[in-house]
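What follows is the structure, encoded as structure tokens:
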């Protein structure tokens, strides 16, 4: 399943441009086409600024009575946070804290304090994030774990007619192979993945790291369907079977954003995952890394909005500037127009068909960086089934 990218911008390092183009393909491989046929709905940002949004976001989109607050890291955060009537506060990045309140009225009462305090950089609600995919079983086929074990020629691949291989998209050249000295790896921030194969030739990544439970583990694999599909689309050994990924010998980490892969993924979970990525994968060598985020919120509250997600933008910008890190975010499947501007440290990926036309179900707008395949994708779920959409 070798793929090509329809790209609007290239990566910041020419030597690894091929990898980042293919990563976008993997990310949006999970944004499967829906039955939508209508024109995208317009979604405005309503002129809200970051100090107004905490009290105006629909409660159905956020975790009740919680704020994400950025505090000047040069001061003692406790002294700042003690000025509010908060239930608890937990650090989630180098300058962002998850603040929980006993009631919504306490949250609203804290807004004037947050707005006027000189050491408060920003604040916003803790949004619930939606996984950007839906899938169906593909031909009721089952393979032996991630990537399969067979080594066959490409034409014998049973799923060859429906795949985004190079010939299908009229691309004559292959993507370059990265080296371990020029690329630090890619981190998938989702609900984990299942790797059932015992064959070392088909292992594509380390076990899941659980940011809440701590440590590496492979338990609760039944919850890891979405993360596994992304992982097997992104990379595996090139054995020319449907779920062998588009990137050769990838250095890939899977990070669970909820404890044991269970429960709602929130923006605070995502920030903790990004912080783990920054610390464990990023470095100052100048070699790039990539982070795949197959999660989003419907416009105008999408992750592309710095007004609604200032802490998310702050850490992504920090990773881009200081750790050569590029973050790829699925645009989402709401069929809506996203009016947020494009920024260099975020790559928002929309979904297209094999002709390069954006799908009706894909969100679109000036924030998009590139388009990638959004239908006829073949990958593996947590049970080893070949799935597609």
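In the working numbering, the protein residues as written are 1042 to 1430. Don't be surprised by glycine CBs; every beta carbon is placed ideally from N, CA and C. Keep in mind the model is a prediction, meaning the values are calculated, not measured.
Cβ-Cβ distance between residue i and residue j below 8 Å
i: residue 1298; j: residue 1230; result: yes
i: residue 1105; j: residue 1158; result: no
i: residue 1364; j: residue 1323; result: yes
i: residue 1387; j: residue 1346; result: no
i: residue 1309; j: residue 1152; result: no
i: residue 1413; j: residue 1390; result: yes
i: residue 1040; j: residue 1293; result: Look at the range of the chain in this structure, 1042 to 1430, and you will see that residue 1040 is not part of it.
Identified DSSP bridge partners for residue i
i: residue 1172; result: 1336
i: residue 1400; result: DSSP, once it has assigned bridges, lists no residue as partnering residue 1400.
i: residue 1226; result: 1330
i: residue 1251; result: 1297
i: residue 1393; result: 1399, 1414
i: residue 1231; result: 1297
i: residue 1371; result: 1390
Buried or exposed (CB count within 10 angstroms, at least 16 for buried), residue i
i: residue 1382; result: exposed
i: residue 1136; result: buried
i: residue 1328; result: buried
i: residue 1088; result: Any reading at residue 1088 needs caution, since the residue's pLDDT is 36, under 50, leaving its predicted position unreliable; the model's value is listed next. So residue 1088 ends up on the exposed side.
i: residue 1233; result: buried
i: residue 1398; result: exposed
i: residue 1073; result: In this predicted model, residue 1073 has a pLDDT of only 31, less than 50, meaning its place in the structure is not dependable; the value taken from the coordinates is given anyway. That one is buried.
i: residue 1295; result: buried
i: residue 1331; result: buried
i: residue 1410; result: buried
i: residue 1115; result: exposed
i: residue 1255; result: exposed
Residue nearest to residue i in terms of C-alpha spacing, selected from the options
i: residue 1173; options: 1369, 1364, 1156; result: 1369
i: residue 1166; options: 1099, 1417, 1334, 1388; result: 1099
i: residue 1160; options: 1117, 1143, 1141; result: 1117
i: residue 1376; options: 1392, 1362, 1387; result: 1392
i: residue 1149; options: 1107, 1294, 1102, 1409; result: 1107
i: residue 1170; options: 1350, 1388, 1364, 1363; result: 1350
i: residue 1396; options: 1416, 1386, 1389; result: 1416
i: residue 1402; options: 1164, 1371, 1304, 1347; result: 1371
i: residue 1103; options: 1389, 1398, 1342, 1348; result: 1342
i: residue 1333; options: 1367, 1155, 1139, 1132; result: 1367
i: residue 1320; options: 1380, 1360, 1311; result: 1360
i: residue 1418; options: 1394, 1410, 1411; result: 1394
i: residue 1101; options: 1124, 1307, 1113; result: 1307
i: residue 1380; options: 1340, 1131, 1119, 1356; result: 1340
i: residue 1253; options: 1293, 1122, 1305, 1227; result: 1305
i: residue 1168; options: 1097, 1119, 1120; result: 1097
i: residue 1356; options: 1119, 1123, 1138, 1408; result: 1138
6 Å CB neighbourhood of residue i in its chain, flanking five on each side removed
i: residue 1373; result: 1173, 1337, 1404
i: residue 1127; result: 1140, 1142
i: residue 1121; result: 1112, 1160
i: residue 1129; result: 1141
i: residue 1318; result: 1228, 1332
Residue i beta carbon near the ligand SAH (any heavy atom closer than 7 Å)
i: residue 1361; result: You won't find the ligand SAH in this model; it holds no ligand whatsoever.
Within-8 Å CB hit, residue i to chain D
i: residue 1362; result: The structure shown has no chain D; it contains just one protein chain.
Same chain, Cβ closer than 7 Å to residue i, five either side skipped, listed in chain order
i: residue 1163; result: 1091, 1111, 1351, 1352
i: residue 1155; result: 1110, 1161, 1164
Cut-off 8 Å between Cβ atoms - residues of its own chain near residue i, not counting five sequence neighbours on either side
i: residue 1079; result: Low local confidence applies: a pLDDT of 30 at residue 1079 is under 50, so the model's placement there is unreliable, with the coordinate-based value given in what follows. Excluding positions up to five away in sequence, the list reads 1376, 1401.
i: residue 1311; result: 1170, 1230, 1298, 1334, 1336, 1353
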